[in-house]
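Q:
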Amino acid sequence: MSWLRIRELVRKEFIQLFSDKRTRALMIIFPFILMLIFGYVVNYDIRNVRMAVLDYSKTYESRSLIDSFEGSKIFHVMYNVASENQMSELLLRQKIDIGIKISEDFAPVIRAGRTTPVQFLVDGSMSNMTAVRVAYIMSILDKFNSEELQKRYPINISYGKVDARIRTWYNPNLDSRYFFVPGIVAFLIMLTSFILTSIAIIREKEDGTMEQIIVTPLKPYEFIIGKTIPYIIIALSQLLAVTGVAVFWFEIPFKGSFLLLFLAACLFLLSTLGIGLYISTISATKQQAMMTAFFFVLPFFMLSGFIFPIVNMPEIVQWFTYLNPLRFFLVIIRDIFLKGVGFDVLWPQYLALTILGVIVFAGAISRSKKRLD
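In my numbering, the protein residues as written are 247 to 619.
1) For Val577, collect the residues of the same chain with a Cβ closer than 6 Å to its Cβ; drop the 5 residues on either side in sequence, then sort them by chain order.
2) Do Pro463 and Arg580 have their CB atoms nearer than 9 Å?
3) Going by C-alpha distance, which of Thr362, Val543, Val587, Lys585 is nearest Leu572?
4) Would you decide whether Glu450 is buried or exposed? Buried here means 16 or more other CB atoms lie within 10 Å of its CB.
5) Distance check for Arg253 and Thr443, CA to CA, integer angstroms please.
6) State the start and end residues of the unbroken alpha helix (DSSP H) segment that holds Ile344.
7) Spatial neighbours of Tyr424 within its chain, please: CB distance less than 7 Å, with the 5 preceding and 5 following residues excluded, ordered by chain position.
8) Between the Cα of Ile601 and the Cα atoms of Gly588, Leu516, Ala530, which residue gives the shortest distance?
9) Which one or two residues does DSSP pair with Tyr325 in a beta bridge?
10) Can Thr362 and Asp351 be called in contact, C-beta distance under 9 Å?
11) For Phe609, which of Tyr467, Arg357, Ala377, Ser392 has the nearest alpha-carbon?
12) Using the C-alpha atoms, what's the distance from Leu387 back to Phe589?
13) Taking the alpha carbon of Leu300 as the reference point, which residue from Pro354, Leu482, Leu367 has its own alpha carbon closest?
14) How many Å lie between Val563 and Ile348 at the Cα?
15) At what residues does the beta strand (DSSP E) containing Ile366 begin and finish?
16) Would DSSP call Phe469 helix, strand or coil?
17) With distances taken between CB atoms, is the gap from Arg379 to Asp343 smaller than 9 Å?
18) For Met297, which option in Ala377, Asn391, Phe607, Phe315 has the closest C-alpha, if you only look at C-alpha atoms?
19) Looking at the secondary structure, which residues open and close the alpha helix (DSSP H) in which Pro428 lies?
20) Given Val408, which residues of its chain have a CB within under 6 Å of its CB, disregarding the five upstream and five downstream residues?
21) Could you check the C-alpha separation between Ala432 and Glu394 for me, to the nearest Å?
22) Go to Trp565, then tell me how far its alpha helix (DSSP H) extends in each direction, as first and last residue.
23) Going by DSSP in three states, Phe554 sits in which element: helix, strand or coil?
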């Protein structure tokens with residue numbers, strides 16, 4: 247193996263990459279744009295729930311109930327409506343998330359010491375958000391009930407109780423960006439390495455430079471090594487850049503070892519670059535290669551546990567996730583970011599990435615040939 251030949255091929259690849267304005271934008275600007283978009287947009291935190299109130303009671307008790315919601319700083323009364331039809335129209339047009347209907351006998355029933363119903367109309371079109379909103383409603387109602395009991399029966403009754411003192415480790419405020427942003431780092435590395443590598447060999451054929459490479463003394467494995475080294479350097483540079491954005495811009499804690507993260511990224515790139523090279527060898531044009539790359543990206547994304555928990559998937563689908571390198575890289579990157587764990591805990595994920603990477607990259611090399619067809 248001649249490192250001089252490989253070095254010259256790597257140099258040619260960098261010149262070819264950076265001479266194309268669109269490729270430069272894809273490598274440099276695209277990851278930062280996606281990082282900012284995903285970091286701000288992918289967010290399941292409940293911060294602004296729009297409400298409409300239909301208060302037939304109009305009493306001190308009904309106003310106290312409404313004030314309990316507005317005092318939470320999560321619920322905001324946007325409309326006071328006069329009929330159920332108006333509330334239904336607001337829900338239909340998605341101008342509110344929740345509607346509250348308080349009956350005329352709300353206050354008399356409470357004053358009599360009995361239970362009175364309050365109707366909540368909730369927009370369930372986004373089921374995951376709805377479940378959280380309903381949980382907040384129940385929490386506020388529990389607090390309101392206890393405060394009303396204290397007002398009406400101010401007798402100090404002493405009895406045993408369970409005192410729950412909950413501590414949430416690794417993400418004390420339950421910020422969803424702590425979960426999503428490290429995953430976005432992994433997804434961006436996969437996406438750019440897939441796309442760039444999938445067009446690596448196709449570009450030589452379309453630009454007419456493959457004939458020149460064929461007549462050189464480059465061996466097939468030297469050709470593959472020379473073609474992949476630039477993309478490894480680019481992907482690792484992007485890893486450093488987007489990790490910096492995650493830590494310093496989104497303020498995601500980084501508690502682990504960057505060397506372990508770097509090692510995991512190298513093992514992960516064995517799989518993604520191997521798949522990209524394989525796509526490049528079976529595709530005839532850049533457009534075909536790009537479409538095939540995106541065909542791989544979507545299943546990898548869906549079966550990685552990035553958004554949907556793997557344990558909730560059907561058992562047969564869970565077995566397929568073991569063929570997905572993104573699944574193991576996500577576990578590593580989140581645990582290194584948030585928990586600061588070491589190799590003694592994460593070695594199964596490193597082993598899985600190594601096995602998948604070696605198999606995929608070896609298969610890509612065996613499929614890749616220095617030829618025109």
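Idealized CB from N, CA, C, for every residue including glycine.
A: Judging by the given coordinates:
1) Numbered from 1 along the sequence shown, position 331 holds the residue referred to as residue 577. These residues qualify, in order along the chain: Gln595.
2) As a working note, residue 463 is residue 217 in the sequence shown. As a working note, residue 580 is residue 334 in the sequence shown. The answer is no: Cβ separation not under 9 Å.
3) Position 326 of the sequence shown, counting from 1, holds the residue named residue 572. Measuring from the Cα of Leu572, the nearest candidate turns out to be Val543.
4) As a working mapping, residue 450 is identified with position 204 in the sequence shown. Glu450 should be labelled buried.
5) Within the sequence shown, numbered from 1, the residue matching residue 443 stands at position 197. Within the sequence shown, numbered from 1, the residue matching residue 253 stands at position 7. Approximately 18 Å between the Cα atoms of the pair.
6) The residue labelled residue 344 in the question sits at position 98 within the sequence shown. First-last for Ile344: 344-348, but that is the beta strand (DSSP E), not the alpha helix (DSSP H).
7) Looking up residue 424 in the sequence shown gives position 178. Same-chain partners within the cutoff: Asn417, Ile498, Leu584.
8) By 1-based counting over the sequence shown, the position of residue 601 is 355. That would be Leu516, whose Cα lies nearest to the Cα of Ile601.
9) Taking the first residue of the sequence shown as position 1, residue 325 is located at position 79. DSSP lists Ala298 as partners of Tyr325.
10) Counted from its first residue, the sequence shown places residue 362 at position 116. Counted from its first residue, the sequence shown places residue 351 at position 105. Yes, these two residues count as a Cβ contact at 9 Å.
11) Numbered from 1 along the sequence shown, position 363 holds the residue referred to as residue 609. The question names Phe, yet the displayed sequence has Gly at residue 609. Nearest option by C-alpha distance: Tyr467.
12) Within the sequence shown, the letter at position 343 stands for residue 589. Within the sequence shown, the letter at position 141 stands for residue 387. Distance between the alpha carbons of Phe589 and Leu387 is about 46 Å.
13) Looking up residue 300 in the sequence shown gives position 54. Of the candidates Pro354, Leu482, Leu367, the one whose C-alpha sits nearest the C-alpha of Leu300 is Leu367.
14) Position 317 of the sequence shown, counted from the first residue, corresponds to residue 563. Position 102 of the sequence shown, counted from the first residue, corresponds to residue 348. When rounded, the distance between both Cα atoms is 46 Å.
15) For the purposes of this step, residue 366 is taken as the residue at position 120 of the sequence shown. Contrary to the premise, residue 366 reads as Phe rather than Ile in this sequence. Segment 364-368, the beta strand (DSSP E) holding Phe366.
16) Walking along the sequence shown from the start, residue 469 turns up at place 223. In the structure shown, Phe469 sits in a helix (DSSP, three-state: H, G or I).
17) Reading the sequence shown from its first residue, position 133 is the one you call residue 379. Reading the sequence shown from its first residue, position 97 is the one you call residue 343. Going by C-beta atoms, Arg379 is nearer than 9 Å to Asp343.
18) Taking the first residue of the sequence shown as position 1, residue 297 is located at position 51. Per the Cα distances, Phe315.
19) Residue numbering aside, residue 428 sits at position 182 when the sequence shown is read from its first letter. Where Pro428 is concerned, the enclosing alpha helix (DSSP H) stretches over 422-444.
20) The sequence position of residue 408 within the sequence shown is 162, counting from 1. A caution first: Val408 carries a pLDDT of 49, below 50, which makes its placement in the model unreliable, though a value can still be read off. None.
21) Your numbering for residue 432 matches position 186 in the sequence shown. Your numbering for residue 394 matches position 148 in the sequence shown. Going from the Cα of Ala432 to the Cα of Glu394 covers about 50 Å.
22) On the sequence shown, position 319 is the one that residue 565 refers to. Note, Trp565: alpha helix (DSSP H), 561-567.
23) Counting from one through the sequence shown, the residue named residue 554 turns up at place 308. Looking at Phe554 - three-state DSSP - the assignment turns out to be coil, as it is neither helix nor strand.
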